[in-house]
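Novice:
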């Protein structure tokens, strides 16, 4: 009877806590949404303003609905909670600093990862579009070739091509259409090469065969990219599994030796073990950054 009563009280408390958390998150998002527009103009230190601008640029490239104020607020809350865990639970100043740093670094890595995935998707579609576009140039103008190609490949590259066709038909300046709009949309090395050649071909149709050569070069790059992606993904998964092995190892150790938590939080050697573990987690984002650089197109 007593256990059932306690379980019922626990369920009610959990439901109330869940409701309070949802309400708090909703209010926090609403508050930061109002503040996000003026965040760049706030009287913040220079390095903080640069970081906020960097985050805003990544969110804009991802076309994310998440506002920069909400992102900064959530990261700030995570950093405060991480520092609290390090100081109060672990009694470890260095661990608190490392957890706080991870609160900023890990979300940044997710942004870079999603941005790279989006670029790779555009690159794959551009590889398919290049020979198709070259074939269209044999019989129609650049404007028509953009539209015909854009209607035969999926978005987002298909949408970019169709928008360029509409802009050119509407009489917009080709330099703006190619040099600004398309260059901004295809924001990777081969995308910029394609747009640059496209701009030259708009005024000199004799350059059309060069799209065939560019398509062959991009196809070779795509094959290498897919091979490297599979290899690096496997390596990263192995490292993540090794890092996560600490959790079952700790559970087994705490079962066999009840003083394990006390050892990790009160002794110098235990605190160093915690710091080394956190350091191994911090190495991950550095490896990820190097990986992303190797996968750039």
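Residue numbers (our numbering): 1 to 297.
Quick reminder that beta carbons are idealized off the backbone N, C-alpha and C, glycines included.
Please read all numbers here as calculations on a predicted model, not as lab measurements.
Residue 153 by DSSP, collapsed to three states: which one?
Specialist: Residue state, collapsed to three classes: coil.
Novice: Please name the residue in 89, 194, 186, 107 whose C-alpha comes closest to that of residue 121.
Specialist: Nearest option by C-alpha distance: 186.
Novice: Which of the three DSSP states, helix, strand or coil, is assigned to residue 257?
Specialist: In the structure shown, residue 257 sits in coil (DSSP, three-state: anything other than H, G, I, E or B).
Novice: Output needed for residue 126: all residues of its chain with C-beta closer than 8 Å, excluding positions within five of it in sequence on either side, in chain order.
Specialist: Hits under 8 Å: 157, 186, 190, 191, 194, 218.
Novice: Count Cβ pairs between the region 67-81 and the region 244-257 that sit closer than 8 Å; are there 3 or more?
Specialist: Because the criterion of three Cβ pairs below 8 Å is not met, the region 67-81 and the region 244-257 do not touch.
Novice: Just to confirm, are residue 266 and residue 91 a CB contact at a threshold of 9 Å?
Specialist: The answer is yes: Cβ separation under 9 Å.
Novice: Rounding to the nearest angstrom, what Cα-Cα distance links residue 269 and residue 86 in this structure?
Specialist: C-alpha separation (whole angstroms): 16 Å.
Novice: Kindly give me the distance between the Cβ atoms of residue 216 and residue 134, rounded to whole angstroms, as I take these residues to be in contact under 8 Å.
Specialist: That pair is no contact at about 10 Å.
Novice: Measuring only the C-alpha atoms, how far is residue 97 from residue 59?
Specialist: When rounded, the distance between both Cα atoms is 26 Å.
Novice: Taking 9 Å as the cut-off, decide whether the C-beta atoms of residue 102 and residue 82 are in contact.
Specialist: Yes, the Cβ-Cβ distance between residue 102 and residue 82 is below 9 Å.
Novice: How about residue 208 and residue 138: are their beta carbons less than 9 Å apart?
Specialist: Cβ distance < 9 Å, so residue 208 and residue 138 count as in contact.
Novice: Could you tell me the alpha carbon to alpha carbon distance between residue 282 and residue 235, rounded to whole angstroms?
Specialist: Cα-Cα distance, rounded: 16 Å.
Novice: Please list the segments of the alpha helix (DSSP H) lying wholly inside the region 71-147, counting only runs of 4 or more residues, in order along the chain.
Specialist: Taking only runs of at least 4 residues, the alpha helix (DSSP H) segments lying wholly in the region 71-147 are 93-137.
Novice: Buried or exposed: where does residue 80 fall if 16 or more other Cβ atoms within 10 Å of its Cβ makes it buried?
Specialist: It is exposed - the Cβ of residue 80 has fewer than 16 other Cβ atoms within 10 Å.
Novice: Within 10 angstroms of its Cβ, does residue 19 collect 16 or more other Cβ (buried), or is it exposed?
Specialist: For residue 19, the predicted structure reports a pLDDT of 43, less than 50, and the residue's modelled location is therefore unreliable. The matter cannot be settled from this model.
Novice: Any chance the region 222-230 sits against the region 162-172, with 3 or more Cβ pairs inside 8 Å?
Specialist: No contact exists between the region 222-230 and the region 162-172.
Novice: Are the beta-carbon atoms belonging to residue 286 and residue 95 less than 9 Å from one another?
Specialist: No, these two residues do not count as a Cβ contact at 9 Å.
Novice: Extract the residue ranges of the alpha helix (DSSP H) inside the region 218-257, only unbroken runs of 4 or more that lie entirely within it.
Specialist: Those alpha helix (DSSP H) runs which fall completely within the region 218-257 and span 4+ residues are 246-256.
Novice: For residue 143, tell me which candidate among 131, 119, 172 has the shortest Cα-Cα distance.
Specialist: The candidate whose alpha carbon is nearest that of residue 143 is 172.
Novice: Can you name, in chain order, every residue of its own chain whose Cβ lies under 8 Å from the Cβ of residue 153, other than the five neighbours on each side?
Specialist: Here the set comprises 125, 128, 129, 132, 161.
Novice: Compare the Cα-Cα distances from residue 280 to each of 241, 263, 206, 256 and report the closest residue.
Specialist: Nearest C-alpha to residue 280: 241.
Novice: Taking only runs of the beta strand (DSSP E) that begin and end inside the region 181-225, which ones reach a length of at least 3 residues, in chain order?
Specialist: Complete beta strand (DSSP E) runs here, min 3: none at all.
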